[in-house]
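>
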Amino acid sequence: SQKIEQNSEALNIQEGKTATLTCNYTNYSPAYLQWYRQDPGRGPVFLLLIRENEKEKRKERLKVTFDTTLKQSLFHITASQPADSATYLCALDGTSGTYKYIFGTGTRLKVLA
Amino acid sequence: ETGVTQSPTHLIKTRGQQVTLRCSSQSGHNTVSWYQQALGQGPQFIFQYYREEENGRGNFPPRFSGLQFPNYSSELNVNALELDDSALYLCASSPGPRTGGNTGELFFGEGSRLTVL
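Heads up: the sequence lines are chains A and B, in that order.
At position 95 of the first sequence (counting the first as 1) the number is 95 in my numbering, and the numbers step up by one without a gap.
At position 104 of the second sequence (counting the first as 1) the number is 104 in my numbering, and the numbers step up by one without a gap.
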C-alpha cells in the first residue's frame with residue numbers, strides 16, 4: 001500500500017542546533033516533493049519544493065535532500081530558533097506531475113531557548 | 001494579489017446535519033483542492049476541482065461533494081454529518097491541475113474548523 005511516513009514523535013532541540021526531519025514514502029513515484037510549515041490552527045505554508053532529478057535544495061537556513069532510491073527526503077533547519085517551532089509536513093504529488101498532493105502526518109518541532 | 005480565503009472559520013453542527021464550506025481561490029488560480037485534517041494528522045486529500053469539474057477524488061464517501069463556480073471559487077458540502085467529520089477543512093488553490101512549468105506550490109487558506117456534536 002502507499003504510505004508517507006514522518007516521525008510522529010515531537011522533536012525537541014536546543015536553539016542554535018540543526019534540526020533534521022525525515023520523510024519516507026513507499027509505492028509512490030513522485031515528480032515533486034515539498035515541505036510545508038503549519039502553526040496550530042493555521043493552514044500549511046509552503047517552504048521548499050524539490051524535483052525528482054534534484055538531490056538537494058537550499059533556501060536561507062533550510063535544506064532539503066531527496067533520494068529517490070531510498071525513497072526518502074531529509075529536511076534540515078540550521079541555526080534553529082524558537083520561532084522555528086511548528087509542525088512540518090512533507091507532501092508529494094500522489095499522481096505524478098499534478099497538484100494532487102498527498103501529505104505525511106507531520107513532525108512537531110520544538111526549539112528550546 | 002488576494003490570497004485564499006475560507007468561510008466560516010469555525011462552526012458547530014450536530015450529527016446528521018449538513019454543512020457547506022466556502023473557498024475563494026488566489027487570484028489567477030483556476031484549480032481548487034480540498035483537504036480534511038483531523039487533530040494530530042496530516043491533511044487528507046478529499047477532491048480537486050478544475051474548470052467547474054471534479055478532477056480527482058481521495059478516499060471519501062459520496063456524502064462529501066463539491067462545486068466550483070465560473071470565478072473559480074468553490075464549495076465543499078458534507079451531508080449526514082458524523083462525529084468523525086470533526087476536523088479542520090483546508091482549501092488550497094493552484095494555477096492549474098498540472099505542475100508543468102509552474103512552481104508546484106499549493107496555496108492554502110486558514111481553514112474552517114468543523115465540530116460535530
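Virtual Cβ for every residue (Gly too), placed ideally from N, Cα, C.
May I ask which residues mark the beginning and end of the beta strand (DSSP E) holding residue 67 of chain A?
62 to 67 is the extent of the beta strand (DSSP E) around residue 67 of chain A.
> Using a Cβ cut-off of 9 Å (strictly closer), state whether residue 71 of chain A contacts chain B.
With 9 Å as the cut-off, residue 71 of chain A does not count as an interface residue toward chain B.
> Which residues, in order along the region 25 to 59 of chain A, keep a beta-carbon less than 9 Å from a beta-carbon of chain B?
Listed by position, the residues of the region 25 to 59 of chain A near chain B (Cβ gap below 9 Å) are 31, 32, 34, 36, 38, 41, 42, 43, 44, 45, 46, 49, 51.
> If you draw a straight line from the C-alpha of residue 71 of chain B to the C-alpha of residue 57 of chain A, how long is it?
Each residue's Cα considered, the two are about 35 Å apart.
> What residues of chain A sit near residue 48 of chain B, judged by a beta carbon separation below 9 Å?
Result: 98, 99, 100.
> Please list the partners that residue 93 of chain A has in chain B, where partner means a Cβ-to-Cβ separation under 9 Å.
Near residue 93 of chain A (Cβ distances below 9 Å), the residues of chain B are 99, 104.
> Among the candidates B/92, B/95, B/83, whose CA atom is the shortest distance from the CA of residue 16 of chain B?
That would be B/83, whose Cα lies nearest to the Cα of residue 16 of chain B.
> Consult DSSP for residue 83 of chain B and reduce its assignment to one of helix, strand or coil.
Looking at residue 83 of chain B - three-state DSSP - the assignment turns out to be helix.
> Let's see if you can read the secondary structure: which residues bound the beta strand (DSSP E) around residue 5 of chain B?
Its beta strand (DSSP E) spans residues 5 to 7.
> Mind pulling the chain A residues with CB within less than 9 Å of residue 73 of chain B?
The premise fails here: residue 73 of chain B is roughly 17 Å from chain A at the closest Cβ pair, so nothing lies under 9 Å.
> Could you list which residues in chain A have their beta carbon closer than 7 Å to that of residue 7 of chain B, in chain order?
Chain A residues near residue 7 of chain B: none, gap ~13 Å exceeds 7 Å.
> Less than 9 Å between the C-beta atoms of residue 18 of chain A and residue 78 of chain A, yes or no?
A contact, by the Cβ cut-off of 9 Å.
> Is DSSP giving residue 83 of chain A helix, strand or coil here?
Residue 83 of chain A: helix per DSSP, three-state reduction.
> Please report the distance separating the alpha-carbon of residue 111 of chain B from that of residue 72 of chain A.
Cα to Cα, residue 111 of chain B sits roughly 29 Å from residue 72 of chain A.
> Take the Cβ of residue 101 of chain B as the centre, count every other Cβ of all protein chains shown within 10 Å, and call the residue buried at 16 or more, exposed below.
That one is exposed.
> For the beta strand (DSSP E) holding residue 29 of chain B, just list the boundary residues, first then last.
Note, residue 29 of chain B: premise wrong, no beta strand (DSSP E); not H, not E.
> Would the region 49 to 67 of chain B count as touching the region 4 to 17 of chain A if we require 3 or more Cβ pairs under 8 Å?
Short answer: they don't touch.
> Is there at least one Cβ from chain B nearer than 9 Å to residue 136 of chain A's Cβ?
It is not possible to answer for residue 136 of chain A, since the shown part of chain A is limited to 1 through 113.
> Using a 10 Å radius around the Cβ and a threshold of 16 neighbouring Cβ atoms, would you call residue 1 of chain A buried or exposed?
Flag for residue 1 of chain A reads exposed.
> Express the C-alpha separation of residue 77 of chain B and residue 22 of chain A in angstroms, rounding to a whole number.
Distance between the alpha carbons of residue 22 of chain A and residue 77 of chain B is about 35 Å.
> My understanding is that residue 88 of chain A touches residue 112 of chain A, with C-beta atoms under 8 Å, so please give their C-beta distance in whole angstroms.
Actually they do not touch by this definition, with Cβ atoms about 17 Å apart.
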